[in-house]
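Below you'll find the structure, written out as structure tokens, and then a few comments.
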Amino acid sequence: MIETLIAKIGLPALVGVLGKALGDMESDKAKLAGQALEDVGAAIKAGGISANEVAEAHRHLETLAKMEAEQTKENIAQVNQSLRAEIVSEDKFVRRMRPTFGYLMAITWAAQMLAIAYIIVFQPDKAGGIMSAMGSLSAIWGVGLSVLGIYVYKRSEDKKILPTGEVVTWER
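Add 233 to the 1-based position in the sequence shown for the working numbering, that's all there is to it.
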């Protein structure tokens with residue numbers, strides 16, 4: 234019953250909206266995809282695609298979603314295995330990599346901001362060019378700060394608070 238309702242109302246509406254949106258785009262490929270979706274919507278409305286076929290498509294999508302979830306689970310397990318190896322390592326640099334990276338990022342950021350502030354205050358004629366150049370560094374800073382964010386998040390997970398209020402850390 235639900236499959237019939239989705240096949241008769243929900244899916245044609247969704248296909249119609251997506252088809253129209255893609256058809257209104259400038260790209261030839263998007264227009265082609267929009268036309269294909271409109272054709273699918275027309276086939277559903279005309280009864281060319283049955284509720285059973287829609288249900289089978291849903292089962293196929295569920296299988297694909299499960300496969301993707303399993304792959305994600307495997308990727309996370311590998312990352313966790315790497316982090317655990319880091320935590321139990323006897324090498325002090327390996328265990329202190331995250332804080333070292335954090336301090337280096339903070340020092341680098343502070344040096345850059347102080348240099349920019351100096352230029353703005355003492356050489357304002359060069360400030361425009363410096364600010365434009367600063368915008369070009371946004372991708373580099375984005376990567377570095379993303380890595381730092383992951384390090385901070387994982388360090389927070391490394392510390393666990395017991396119901397007694399005691400903090401358990403994995404660092405030696």
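Glycine included, each C-beta is placed from N, C-alpha and C at the ideal position.
Using three-state DSSP, classify residue i as helix, strand or coil.
i    : result
R329 : coil
D257 : coil
Q345 : helix
L370 : coil
Q356 : coil
R405 : Below a pLDDT of 50, predicted positions are generally treated as unreliable, and R405, at 43, falls in that range; the measurement from the model is reported next regardless. Residue state, collapsed to three classes: coil.
A246 : helix
S283 : coil
E323 : coil
Please state whether the Cβ-Cβ distance between residue i and residue j is less than 8 Å.
i    : j    : result
K253 : G267 : yes
I349 : M367 : yes
F334 : Y384 : yes
M338 : L381 : yes
Between residue i and residue j, how many whole angstroms is the CB-CB distance? I'm expecting something under 8 Å.
i    : j    : result
L255 : A246 : L255 to A246, Cβ: 15 Å. No contact.
Sort the options by Cα distance to residue i and report the nearest one.
i    : options          : result
V248 : D257, A275, A344 : A275
A353 : M364, Q311, A344 : Here residue 353 turns out to be Ile, not Ala, going by the sequence shown. Nearest of M364, Q311, A344 to I353, Cα basis: M364.
A360 : A284, M346, A372 : M346
In its own chain, which residues sit with a C-beta less than 7 Å from the C-beta of residue i, not counting the 5 before and 5 after it?
i    : result
W374 : none
L270 : V248, L251, G252, L255
For residue i, collect the residues of the same chain with a Cβ closer than 8 Å to its Cβ; drop the 5 residues on either side in sequence, then sort them by chain order.
i    : result
M258 : K264, G267
For residue i, which residues in the same chain have their Cβ closer than 6 Å to its Cβ, ignoring the five residues on either side in sequence?
i    : result
V250 : none
E289 : none
May I ask you to check if the CB of residue i is nearer than 7 Å to at least one heavy atom of the ligand ADP?
i    : result
D257 : Only the bare structure without any ligand can be found here, which leaves the ligand ADP out of the picture.
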